[in-house]
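Worksheet: one structure, shown below.
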Amino acid sequence: TTDPDWWRQAVVYQIYPRSFADANGDGVGDLPGIISRVPYLVALGIDAVWLSPFYPSALADGGYDVDDYRNVDPRLGTLEDFDQLVEALHVEGIKLIVDIVPNHTSNRHEWFVEALAAAKGHPARDRYIFRDGLDGAPDQPPSDWDSVFGGSAWAQTDDGQWYLHMFAAEQPDLNWQHPEVRSDFLDTLKFWSDRGVDGFRVDVAHALVKDLSEPFPSQAALPRQSESYGKHPLWDQDGVHEIYKDWRKLLNTYDPPRSAVAEAFVPASRRARYASADGLGQAFNFDLLQADFEYEKFRQVIEANLALADENGSSSTWVFSNHDVVRHATRYGLPKNPKGGWQDGKDWLLSNGTEPTVDVALGLRRARAATLLMLALPGSAYLYQGEELGLQEVGELPAANLQDPAYFRSKGAEKGRDGCRVPIPWTVEGLSFGFGSGGSHLVQPKWFGAYSVEAQQADVESTLSLYRKALAVRRGLRTGNSLTWVDESDSVMHFTRPGGWQCVTNFGVAPVELPDAAVVLSSGPLDGDKLPGDTTAWLI
Ligand code: TEU
Numbered sequence: 004t005t006d007p008d009w010w011r012q013a014v015v016y017q018i019y020p021r022s023f024a025d026a027n028g029d030g031v032g033d034l035p036g037i038i039s040r041v042p043y044l045v046a047l048g049i050d051a052v053w054l055s056p057f058y059p060s061a062l063a064d065g066g067y068d069v070d071d072y073r074n075v076d077p078r079l080g081t082l083e084d085f086d087q088l089v090e091a092l093h094v095e096g097i098k099l100i101v102d103i104v105p106n107h108t109s110n111r112h113e114w115f116v117e118a119l120a121a122a123k124g125h126p127a128r129d130r131y132i133f134r135d136g137l138d139g140a141p142d143q144p145p146s147d148w149d150s151v152f153g154g155s156a157w158a159q160t161d162d163g164q165w166y167l168h169m170f171a172a173e174q175p176d177l178n179w180q181h182p183e184v185r186s187d188f189l190d191t192l193k194f195w196s197d198r199g200v201d202g203f204r205v206d207v208a209h210a211l212v213k214d215l216s217e218p219f220p221s222q223a224a225l226p227r228q229s230e231s232y233g234k235h236p237l238w239d240q241d242g243v244h245e246i247y248k249d250w251r252k253l254l255n256t257y258d259p260p261r262s263a264v265a266e267a268f269v270p271a272s273r274r275a276r277y278a279s280a281d282g283l284g285q286a287f288n289f290d291l292l293q294a295d296f297e298y299e300k301f302r303q304v305i306e307a308n309l310a311l312a313d314e315n316g317s318s319s320t321w322v323f324s325n326h327d328v329v330r331h332a333t334r335y336g337l338p339k340n341p342k343g344g345w346q347d348g349k350d351w352l353l354s355n356g357t358e359p360t361v362d363v364a365l366g367l368r369r370a371r372a373a374t375l376l377m378l379a380l381p382g383s384a385y386l387y388q389g390e391e392l393g394l395q396e397v398g399e400l401p402a403a404n405l406q407d408p409a410y411f412r413s414k415g416a417e418k419g420r421d422g423c424r425v426p427i428p429w430t431v432e433g434l435s436f437g438f439g440s441g442g443s444h445l446v447q448p449k450w451f452g453a454y455s456v457e458a459q460q461a462d463v464e465s466t467l468s469l470y471r472k473a474l475a476v477r478r479g480l481r482t483g484n485s486l487t488w489v490d491e492s493d494s495v496m497h498f499t500r501p502g503g504w505q506c507v508t509n510f511g512v513a514p515v516e517l518p519d520a521a522v523v524l525s526s527g528p529l530d531g532d533k534l535p536g537d538t539t540a541w542l543i
């Protein structure tokens, strides 16, 4: 039997399926490819896999434009392959969490095809958010709202109506007041839970229910709903929590209950609602991801999130990288972001419009230190495929190869997200560095071989070896949710965890004395009993 609270202290490894491993040589990752790499996941020592969308999709938004929520994209495999993946993971004691994308379908989803074919006012349009032009003017969108990917959040249909899409036009927003929308997603949760899925990652969890009272407020007049998000007028309406209460009821009918983690772009004060026991149970905090590698920011974020977790009986989530942001091994090598803000690829260009020079060695040193610190914290840690290799962001993708709508909206000022989605290098040589027998859908740079699994496997100092050792040590030590600060200075973070486990991180540059205790692991070389800057050590 499984501990129903397994997710509270789990290490979850995010797989972006099209870029993990390609078993049929078509240059795109697939489910059989993941199955073939389960031994690698076992050796890494993770507790669960979070599988990004593997559903039929036109890839207008990397798979987050879903044509059919209860099927597998034929380019990635079949439902039988999916069942085999569940079995292959479960037999090794690894859980599987799947992405669910309730805010919008793709424009190829049968509901939207039906809605477009229907006449204005037909009930089929009620599953989405269709409106006439402003004041009935045929060429005026119903409001001045922007989509996250730039441009208007409204797209016009042949008969002059407009439909809302907060992301790409290929992602029409669903109307979550509609009973069929609510019941169909319960069917989807049941469909995958019945197939053995252990939990769900809920995409854009804060945005399902919109306040659509008219006249629509102008976007310019509305408060920013969250510092990490654009000025969008629809974020974080309370109605979503009624939906998640129904989801929780269903997920609790399984043994163990299925877990759920919300991708909610909301201020920390609102996050607890998503993490409540009668709700999804957990909500990502992107605060560490948003923070530069600085003692003050890290300390503040850790204390705030531990307090929040205690308050609502949930558990913290920690994450530095995912399929939406510039890899942290690169972010930490960037000069300070001149315009501030989330180093997720926005404001990539320096204020004089030039590309910044990345200090790769510094970035990797800091990323290893930050990750070792994260893995010592109470709560669950989310790793993004390739970060265990210290993989850098790929900045030199050919323009013709770019796939991400987030890139095109700003003509390069934003890095977009392709650079963190380039297929993983498994071998030093080979057409696609062992990703598959063919090429790779995003072009891998020449330097990928040096970062490959093969290049690091046998090197005890490699980043891969560091992750493997850290996850093994953590597994034996992660008891309890408590952390005790050992204050020393404003640049050395030192805390203890139950069982005598200590974590010391030197955010400064001058080496500092390590406490008297056996060093069980360090993210970089030590000077005897000194801890150099940008290094973390675990001691017992
Ligand atoms: O992300 C939500 C989201 O807001 C991000 O897209 C973020 O704004 C963007 O990456 C900044 O460039 C989720 C998924 O993680 C993302 O991949 C999807 O594009 C998005 O939802 C729509 O489904």
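The number in my numbering is simply the position in the sequence shown, starting from 1, with 3 added. We put the CB at the ideal spot given by N, CA and C, even for glycine.
Of the residues ARG251, TRP148, HIS168 and PHE323, the one whose Cα lies closest to the Cα of ALA223 is TRP148.
In its chain, beyond the 5 residues on either side, PHE296, GLY366, ARG369 and ALA370 have a beta carbon closer than 6 Å to the beta carbon of TYR335. The stretch 17-36 makes no contact with the stretch 105-121: fewer than 3 CB pairs, one atom from each, lie closer than 8 Å.
Taken in chain order, the whole alpha helix (DSSP H) runs of length 4 or more contained in the stretch 466-504 are 466-480. Scanning THR108, LEU353 and ASP50 for the CA closest to the CA of LEU62 turns up THR108. For the options GLY202, GLU95 and ASP64, the alpha carbon positioned closest to that of LEU47 is the one of GLU95. Remark: the C-beta of PHE203 is outside contact range of the ligand TEU, defined as less than 7 Å to any heavy atom. Distances taken from the Cβ of ARG424 to the heavy atoms of the ligand TEU include none shorter than 7 Å.
Cβ contact annotation for GLU299 (same chain, cutoff 8 Å, sequence separation greater than five): ASP493, in chain order. Shown here, ALA91 sits in a helix according to DSSP, grouped into three states.
In this structure VAL269 is buried. Its beta-carbon is surrounded by 16 or more other beta-carbon atoms within 10 angstroms. If you draw a straight line from the Cα of VAL200 to the Cα of ASP25, it is about 22 Å long.
The beta-carbon separation of ALA267 and TYR277, rounded to 5 Å, stays under the 8 Å limit for a contact. The residue from VAL243, PRO259 and ASP206 with its alpha-carbon nearest to that of PHE287 is ASP206. When rounded, the separation of the alpha-carbon atoms in ALA51 and VAL14 is 7 Å.
Annotation for ARG368: no beta strand (DSSP E) segment contains it, though the alpha helix (DSSP H) segment containing it runs 363-379. Just so you know, the alpha carbons of GLU464 and PRO428 end up roughly 18 Å apart. In the DSSP assignment, ASP530 forms a beta bridge with LYS533. Look at PHE23: its beta carbon is at least 7 Å from all of the heavy atoms in the ligand TEU. According to DSSP, CYS423 shares a beta bridge with no other residue.
If the five residues before and after LEU386 are omitted, its C-beta is found closer than 6 Å to the C-beta atoms of TYR16, all from its own chain and listed in chain order. About 7 Å separates the beta carbons of ILE37 and PRO20, which is inside the 8 Å limit, making them a contact pair.
In this structure the stretch 518-526 does not lie against the stretch 381-396, because fewer than three pairs of beta carbons, one per stretch, are closer than 8 Å. Residue environment: ASP214 is assigned as exposed (fewer than 16 neighbouring CB atoms within 10 Å of its CB, all protein chains considered). Taking a C-beta distance under 8 Å as the contact criterion, ARG134 and PRO126 do not qualify as a contact pair. Within the same chain, and ignoring the five residues on either side of HIS168 in sequence, the residues whose Cβ sits closer than 7 Å to its Cβ are HIS107, SER150, ALA156, ALA158, GLN174, PRO175 and ASP176. Under DSSP, LEU292 shares a beta bridge with no residue. Contact annotation: the stretch 452-463 does not touch the stretch 473-484, with fewer than three C-beta pairs closer than 8 Å.
By the 16-neighbour rule on beta-carbons within 10 angstroms, ASN355 is exposed. Scanning the stretch 91-131 from its first residue to its last, the whole beta strand (DSSP E) runs of 3-plus residues come out as 98-103.
Taking the C-beta atoms as reference points, SER221 is found no nearer than 8 Å to ASN484. Ranked by how close their Cα comes to the Cα of GLN240, the residues GLU491, HIS209 and ASN255 have HIS209 in first place.
Under DSSP, the beta-bridge partners assigned to ASN509 are VAL495 and THR538. Checking the 7 Å criterion, the Cβ of GLU266 is within range of a heavy atom belonging to the ligand TEU. Between ARG330 and LEU283, the gap from beta carbon to beta carbon reaches 8 Å or more.
If you draw a 10 Å sphere on the C-beta of ASN404, you find fewer than 16 other C-beta atoms in it, and that means exposed.
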